[in-house]
Amino acid sequence: MDFVELARTRYTTKHYSGKAIPRETMEKLFEVLRLAPSSVNSQPWVYFHARTAEQKEKLLPAILDFNRERVTLASDVIVFTIRDAYDEAMFKRVLDKEIADGRYADETKIEGLDAGRRHFVGLHSETPESLHAWEQAQSYIAMGFLLAAAESYGIDSTALEGIDCAELDRILDTKSQGLKVVAAVSLGYRAENDSNATRPKSRLALTEIVREV
115 MDFVELARTR YTTKHYSGKA IPRETMEKLF EVLRLAPSSV NSQPWVYFHA RTAEQKEKLL
175 PAILDFNRER VTLASDVIVF TIRDAYDEAM FKRVLDKEIA DGRYADETKI EGLDAGRRHF
235 VGLHSETPES LHAWEQAQSY IAMGFLLAAA ESYGIDSTAL EGIDCAELDR ILDTKSQGLK
295 VVAAVSLGYR AENDSNATRP KSRLALTEIV REV
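Just so we're aligned, residue 115 is where the sequence shown starts under the numbering used here, counting upward by one.
Laid out in structure tokens, this is it:
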């Protein structure tokens, strides 16, 4: 599918049918999340996956009423979390994986590139809040990739911000893992009565949002 056509047809699903996504398709979607870009390859994310009825039920105390069926009737729910602190262990983990994956043909540049990443993360780490805002921006890049990839596989989706992140932190015990919930996405197949599926898409004209420098 042409990407512009994909953008035209993708929409936010309001009602799900309860039909399950094949596991092999979910594996592809997780691979898309793994491969998503992030500033200086920081990859500040960890994803929590709920698929069974019991797993989705566990999330419900943190889901606002109007979103609950978008969790219970979806096939899968992915909770997005970020690092509470981008620490030395994380810098080392990313660098070691880059080296193992052969990203550095010239080994003399490794130290400088590592220092560059540390500097850039440091620019956003004056306070925990500034770090979290920067990491959340990275996670939303990954979310965009997920929503587009889901559409390409014929999977419907809903980005969920009608959630209590602090309550999800409690439910998932993220604090003990050095993580912080920022958003969630439901994935599945639309119900026949999902009126949003046939509602015309409305966006501002290009002339209103694109300006030449």
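Heads up, the beta-carbon is just placed ideally off N, CA and C, and yes, glycines get one too.
Rounded Cβ spacing between residue i and residue j (contact assumed at less than 8 Å)
i           : j           : result
residue 277 : residue 298 : 6 Å
residue 131 : residue 305 : 5 Å
residue 308 : residue 127 : 6 Å
residue 208 : residue 157 : 6 Å
residue 185 : residue 172 : The pair is not a contact, with the Cβ atoms about 10 Å apart (cut-off 8 Å).
residue 248 : residue 233 : Incorrect: roughly 14 Å between the Cβ atoms, too far for contact.
residue 269 : residue 135 : 6 Å
With 16 other Cβ atoms within 10 Å as the buried cut-off, status of residue i
i           : result
residue 118 : exposed
residue 260 : buried
residue 323 : exposed
For residue i, three-class secondary structure by DSSP
i           : result
residue 254 : helix
residue 272 : strand
residue 261 : helix
residue 135 : coil
residue 164 : strand
residue 127 : coil
Cβ-based neighbour list, residue i, same chain, cut-off 8 Å, excluding 5 preceding and 5 following
i           : result
residue 313 : 125
residue 147 : 159, 161, 192, 256, 259 and 260
residue 212 : 155 and 218
residue 267 : 139, 142 and 143
residue 200 : 156, 158, 235, 239, 245 and 249
residue 262 : 117, 120, 121 and 124
N-terminal and C-terminal residue of the alpha helix (DSSP H) that residue i is part of
i           : result
residue 170 : 167-173
residue 280 : 279-286
residue 318 : Premise fails: residue 318 is in no alpha helix (DSSP H) and is neither H nor E.
residue 204 : 202-214
residue 186 : 183-186
residue 229 : 224-237
Where the beta strand (DSSP E) through residue i begins and ends
i           : result
residue 190 : 190-197
residue 297 : 293-302
Spatial neighbours of residue i in its chain, beta-carbon cut-off 7 Å, leaving aside the 5 residues before and after
i           : result
residue 283 : 289, 294 and 295
Near the ligand ADP: residue i beta-carbon under 7 Å from a heavy atom
i           : result
residue 146 : With respect to the ligand ADP, the structure shown offers nothing to examine, as it has no ligands at all.
Own chain partners of residue i with C-beta closer than 6 Å, once the 5 adjacent residues on each side are dropped
i           : result
residue 273 : 299
residue 165 : 190
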